[in-house]
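Novice: I am attaching a structure below and will ask some questions about it afterwards.
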Amino acid sequence: MQVELRRAVWRRFAGVLAPIALLVLSTLLASAQTPSDFTGNFSPLYQGLLSRPSDLTNTLQYAAAASADDIESAIGTYEQLLFYNPTLSRVRFELGVLYFRLGSYEMARSYLQSALQMHDITPDLSERAQDLIEIADKKLQVDQFTGYVQTGLAYQTNPGAGPGAQTALASGRTFNSNFFSRPDWNWFGAFGLNYVHDFENQNGDTFEASAVGYDAQEFRLHQFDVGVLEFRAGPRFGIPTGDPKTSLSIKPYLVATGALLADAPYYGGLGGGLTLHTNLGNVALDPYAEIVQQSFRNSSFYPLASGLSGTLSTYGLQASGPVVSSLSWQSRLGFGHASDHYGPYSYDVYAADLWLPWNFSFPGDGRVWTLIPSAGVSRWLYAAPDPNIDPTKTPRTTEWRVGLGLEIPLWRHLVLGTLVQYRADQSNIPAFTMHDLSVSAGPTFKF
Amino acid sequence: MRAYGIMVVLLAMTALTMPPAAAQQVGTATAVNPLSEGTPPGTATAPLTVGARIIHKEHIHTTPTGTVQLAFLDKSTLSIAPNTSIVINDFVYDPNSGKGHMLTTLTQGALRFVGGALSHAGEASIATPAAAVGIRGGTVTIVIDQHGVHIINQFGIITIHNGAGTTVLNRPGFEVTVLSWNTPPGQPERVTLAEIDHLLALLTSKPWEYGGVLGLHTVDIGACGVLGLRSNNCPNTPWVPTDTGLNNANQIITQGTQFGTGTTAPPPRYPGR
């Protein structure tokens, strides 16, 4: 009886509740798409854009705010403003930058080029637009070349990374006095060249090659004259992710290096590696693994160098991303293991480096200055004591380095590159403890 | 009986208070150059003006001089060229969950779609006479002319599907041309800069037009990286380090100094000396 009563009451309530629920639901559904509900999860600025599109102050504020993290919405809004006045160079420029950030270089180029044709363009905006057009043009080529050439003078307090004079070795032997810490000037030249061939398929497959070279000639300490050349090349295979904001590619590559030291052949290396590229949001990630067979050659200044020959394996992660506005970061974490012919020379090394490049301009000047603070640390753990240096201690060295670079724009592609670096090595072996301050400057041509 | 009576009354109220799907606003006309017209379902065709509500299933048509930009609730936009006809077939969007879907039909002319929340979830598509275009991302321009339907990817993943096959555009700057529903979509090709220039001019106001809003003479936007006038819109061109060779050289020299140079044995000790 009681059960029947409960059922009757339930039926009655259900009969009333069902249409009420339907009413509430239908009202909610309908209101989800009525103008009065622009308040849902809409920002007040976007709500204003929809309800009062001719409120220019509101529309501009929304476009500027959206530029930070909603590029497409910012594009839609600046294109709205362009409808109101298609002759504004600044709006066209902003659209060019937004499409550039999306990787839509042909749209970026077209907007930037059209900005240059507007009567109201200022010299600094024109310079910025032309710089971006050049980059976009390169990105649209099947064969893309970028790089730099640099020359200059450098002063180092300790170019050979040697210990202080009179440093005694625990082995009782004497450290070669040619390599004690002494200052010197040098002339240096450097270049970097990157080549990309775009196969123009929808996976984004490319062939990439790079060369880096450096040569320094000391004014007095010619035992530290050095020349280094490094080539890397390999195909990069794009892997579709199904998400336009996430890229993924893999690249096997070959690496070949060579070096002269004290104007004599000193080092050659041949190997290969595998690197991956992906991104998490704005952060680009490039993990890698590389193995190089190293061959060192003895010379009059370096009679024991061949003991360093062996295999060097490195594993690491390079990463980069924006911090805020025009400030970004780049970092590298790495581990290396060297297995050398002469056992005590073998080592493990852990390294971490951080760069914070900041692009800035002065009002009314479209030229871009770049300030690059950097810091890094490496921990070297050798395999065994070296009887020639200290038969009882296995070397353990921590290398600290800080730097401040400044690239000063001179003319178009020409900048004055300056760099101040300080390095300090702390080791349980006095002969490996050193510090060095270097200051360098010189014109750099970037292309 | 009383409960049923209440139910009938409430159902009637429901029917009265729930606007028909066709009357739901899905967006706003944010810029209009005459003559552009809208035909909401069940009502007469009328000229569009800035701020006009765009209704579910509305038919939008532009004359040879008309251009329009529509902004939708999910923050997507459509820029519509002269001589274009579209219908907003379907637009369902819940701003709280960000979910829903959008279907637009382009029967004539050209448009550029700039994506919002729905296309970011892969829930936006544009039907054309020759192919259905699914958009994930994304920004796409679609043109119908005498050579067929041209679909240009400007950002995102664009899936072009018809009765004869499917092609996917993953990269910005590539286009596919489709002749008819029963012809396979063509191979992706790089779009020419001249084509892009033409479309940019087509899909906005002419120099003498003002999109229905007068008074925009200058804009005050901070510039990226300019001291004191910061902007959020920075191209973030990657900084290329120029000290790679220097660092390689430093390591070679350090190892050479520490291990390669050799040490000198102490002089032998002679008894009695």
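Protein chains in written order, with numbering that gives the first Met the number 0: chain Z, 0 to 446; chain E, 0 to 272. Just so you know, even glycine gets a beta-carbon here, dropped at the ideal spot from N, CA and C.
Indicate whether at least one CB of chain E lies closer than 8 Å to the CB of Ile249 of chain Z.
Specialist: As a position in the first sequence, residue 249 of chain Z is number 250, starting the count at 1. Cβ-Cβ to chain E under 8 Å: no for Ile249 of chain Z.
Novice: To the nearest angstrom, report how far apart Leu152 of chain Z and Asp242 of chain E are at their CA atoms.
Specialist: For this step, residue 152 of chain Z is matched to residue 153 along the first sequence. For this step, residue 242 of chain E is matched to residue 243 along the second sequence. Taking the straight line joining both Cα atoms gives about 14 Å.
Novice: Decide if Trp207 of chain E is buried, meaning its Cβ has at least 16 other Cβ atoms within 10 Å, or exposed.
Specialist: By one-based count along the second sequence, residue 207 of chain E stands at place 208. Classification of Trp207 of chain E: exposed, given that the 10 Å Cβ count is below 16.
Novice: Per the contact definition of three or more C-beta pairs closer than 8 Å, is the stretch 124-134 of chain E in contact with the stretch 157-169 of chain E?
Specialist: Contact between the stretch 157-169 of chain E and the stretch 124-134 of chain E is present, because at least three Cβ pairs lie under 8 Å.
Novice: Since Asn152 of chain E is in the beta strand (DSSP E), which residue starts that stretch and which ends it?
Specialist: In the second sequence, residue 152 of chain E corresponds to position 153, counting from 1. Counting along the chain, the beta strand (DSSP E) containing Asn152 of chain E begins and ends at 147-161.
Novice: Which whole-angstrom value is the C-beta distance of Asn278 of chain Z and Ser246 of chain Z, which I expect to be below 8 Å?
Specialist: Position 279 of the first sequence holds residue 278 of chain Z. Position 247 of the first sequence holds residue 246 of chain Z. Indeed they touch by this definition, with Cβ atoms about 6 Å apart.
Novice: Whose C-alpha, out of Z:Tyr287, Z:Tyr266, Z:Ala283, Z:Pro394, is nearest the C-alpha of Leu307 of chain Z?
Specialist: Sequence index remark: in the first sequence, residue 307 of chain Z carries index 308 (1-based). Among Z:Tyr287, Z:Tyr266, Z:Ala283, Z:Pro394, the Cα nearest to that of Leu307 of chain Z belongs to Z:Tyr266.
Novice: I'd like the ranges of any beta strand (DSSP E) spanning at least 3 consecutive residues and lying wholly in the stretch 90-146 of chain E.
Specialist: The stretch 90-146 of chain E contains these whole beta strand (DSSP E) runs: 98-107, 109-113, 123-126, 131-144.
Novice: Between Pro240 of chain E and chain Z, is any beta-carbon pair separated by less than 8 Å?
Specialist: Position 241 of the second sequence, counted from the start, is the residue given in the question as residue 240 of chain E. Pro240 of chain E counts as touching chain Z.
Novice: Within 8 Å of any Cβ in chain E, is that where the Cβ of Asn427 of chain Z sits?
Specialist: Walking along the first sequence from the start, residue 427 of chain Z turns up at place 428. False, the Cβ-Cβ gap to chain E never drops below 8 Å.
Novice: Does the distance from the CB of Gly224 of chain E to the CB of Asn358 of chain Z come in under 8 Å?
Specialist: Along the second sequence, one-based indexing puts residue 224 of chain E at 225. Along the first sequence, one-based indexing puts residue 358 of chain Z at 359. The answer is yes: Cβ separation under 8 Å.
Novice: Quick one: does Thr260 of chain E have its CB under 8 Å from some CB of chain Z?
Specialist: The residue you call residue 260 of chain E lines up with position 261 of the second sequence. So yes, Thr260 of chain E belongs to the interface.
Novice: If you count every other CB in all the chains shown that lies within 10 Å of the CB of Phe112 of chain E, and 16 or more means buried, which is it?
Specialist: For the purposes of this step, residue 112 of chain E is identified with residue 113 of the second sequence, where counting begins at 1. Flag for Phe112 of chain E reads buried.
Novice: Using beta carbons (cut-off 8 Å, strictly below), is Arg378 of chain Z in contact with chain E?
Specialist: Here residue 378 of chain Z refers to the residue found at position 379 when the first sequence is read from its first residue. No, Arg378 of chain Z lies away from the interface with chain E (no Cβ there is under 8 Å from its Cβ).
Novice: Quick check: Leu48 of chain Z and Thr56 of chain Z, are their CB atoms within less than 8 Å of each other?
Specialist: For this step, residue 48 of chain Z is matched to residue 49 along the first sequence. For this step, residue 56 of chain Z is matched to residue 57 along the first sequence. No, these two residues do not count as a Cβ contact at 8 Å.
Novice: Here's a check: name, in chain order, each residue in its chain whose Cβ is nearer than 6 Å to the Cβ of Tyr154 of chain Z, leaving out the five neighbours to either side.
Specialist: Here residue 154 of chain Z corresponds to residue number 155 of the first sequence, with the count starting at 1. Here the set comprises Trp184, Val438.
Novice: Taking Cβ positions only, does Arg89 of chain E come closer than 8 Å to chain Z?
Specialist: Locating residue 89 of chain E in the second sequence gives position 90, counting from the first residue. Note that residue 89 of chain E corresponds to Asp in the displayed sequence, not to Arg. Asp89 of chain E does not count as touching chain Z.
Novice: Look at Phe236 of chain Z and Tyr213 of chain Z and say whether their C-beta atoms are less than 8 Å apart.
Specialist: By 1-based counting over the first sequence, the position of residue 236 of chain Z is 237. By 1-based counting over the first sequence, the position of residue 213 of chain Z is 214. Not a contact, by the Cβ cut-off of 8 Å.
Novice: Measuring only the C-alpha atoms, how far is Thr64 of chain E from Ser35 of chain E?
Specialist: Translated into positions along the second sequence, residue 64 of chain E becomes position 65. Translated into positions along the second sequence, residue 35 of chain E becomes position 36. Going from the Cα of Thr64 of chain E to the Cα of Ser35 of chain E covers about 8 Å.
Novice: Would you identify the three-state DSSP class for Ser327 of chain Z, choosing helix, strand or coil?
Specialist: Here residue 327 of chain Z corresponds to residue number 328 of the first sequence, with the count starting at 1. Correct three-state label for Ser327 of chain Z: strand.
Novice: What is the C-beta distance between Thr176 of chain E and Gly147 of chain E, in whole angstroms, given that I count them as a contact (C-beta under 8 Å)?
Specialist: As a working mapping, residue 176 of chain E is identified with position 177 in the second sequence. As a working mapping, residue 147 of chain E is identified with position 148 in the second sequence. That belief holds up - the Cβ atoms of Thr176 of chain E and Gly147 of chain E are roughly 5 Å apart, short of 8 Å.
Novice: Looking at Glu207 of chain Z: is its Cβ nearer than 8 Å to the Cβ of Lys250 of chain Z?
Specialist: In the first sequence, counting from the first residue as 1, residue 207 of chain Z sits at position 208. In the first sequence, counting from the first residue as 1, residue 250 of chain Z sits at position 251. Yes.
Novice: Near Val282 of chain Z, which residues of its chain fall below 8 Å by C-beta distance, leaving aside the five closest residues on each side in sequence?
Specialist: Along the first sequence, read from residue 1 onward, the residue named residue 282 of chain Z stands at position 283. Result list for Val282 of chain Z: Ala318, Ser319, Gly320, in chain order.
Novice: Can you tell me where the alpha helix (DSSP H) with Phe446 of chain Z in it begins and where it stops?
Specialist: As a position in the first sequence, residue 446 of chain Z is number 447, starting the count at 1. Unbroken run through Phe446 of chain Z: none, as it is neither H nor E.
Novice: Less than 6 Å between C-beta atoms, sequence neighbours within five positions excluded: which residues of the same chain meet that for Ser42 of chain Z?
Specialist: The sequence position of residue 42 of chain Z within the first sequence is 43, counting from 1. No residues qualify anywhere along the chain.
Novice: Beta-carbon within less than 7 Å of Thr432 of chain Z's beta-carbon, same chain only, minus the 5 sequence neighbours each way: which residues are those?
Specialist: Your numbering for residue 432 of chain Z matches position 433 in the first sequence. Same-chain partners within the cutoff: Pro162, Asp424, Gln425, Ser426.
Novice: Can you tell me whether Ala63 of chain Z is buried or exposed? The criterion is at least 16 other CB atoms within 10 Å of its CB, across all chains shown.
Specialist: The residue given as residue 63 of chain Z occupies position 64 in the first sequence. When all chains shown are included, Ala63 of chain Z counts as buried.
Novice: If you count every other CB in all the chains shown that lies within 10 Å of the CB of Asn249 of chain E, and 16 or more means buried, which is it?
Specialist: Reading the second sequence from its first residue, position 250 is the one you call residue 249 of chain E. So Asn249 of chain E ends up on the buried side.
Novice: Determine the DSSP secondary structure at Asp262 of chain Z, reduced to helix, strand or coil.
Specialist: If you number the first sequence from 1, residue 262 of chain Z lands on position 263. If DSSP states are grouped into helix, strand and coil, Asp262 of chain Z belongs with coil.
Novice: Inspect the beta-carbon positions of Leu97 of chain Z and Leu215 of chain E and report whether they are closer than 8 Å.
Specialist: The residue labelled residue 97 of chain Z in the question sits at position 98 within the first sequence. The residue labelled residue 215 of chain E in the question sits at position 216 within the second sequence. In this structure, Leu215 of chain E does not lie closer than 8 Å to Leu97 of chain Z by Cβ.
Novice: Got a sec: is the Cβ-Cβ distance from Asn169 of chain E to anything in chain Z below 8 Å?
Specialist: Against the second sequence, residue 169 of chain E aligns to sequence position 170. Closer than 8 Å: yes.
Novice: Compute the Euclidean distance between the alpha carbons of Ala30 of chain E and Ile120 of chain Z, then round it to the nearest angstrom.
Specialist: By 1-based counting over the second sequence, the position of residue 30 of chain E is 31. By 1-based counting over the first sequence, the position of residue 120 of chain Z is 121. Cα to Cα, Ala30 of chain E sits roughly 24 Å from Ile120 of chain Z.
Novice: From the DSSP output, read off the bridge partner residues of Glu207 of chain Z.
Specialist: As a first step, residue 207 of chain Z is located in the first sequence; it is residue number 208 there, counting from the start. Its beta-bridge partners are Z:Val195, Z:Gly233.
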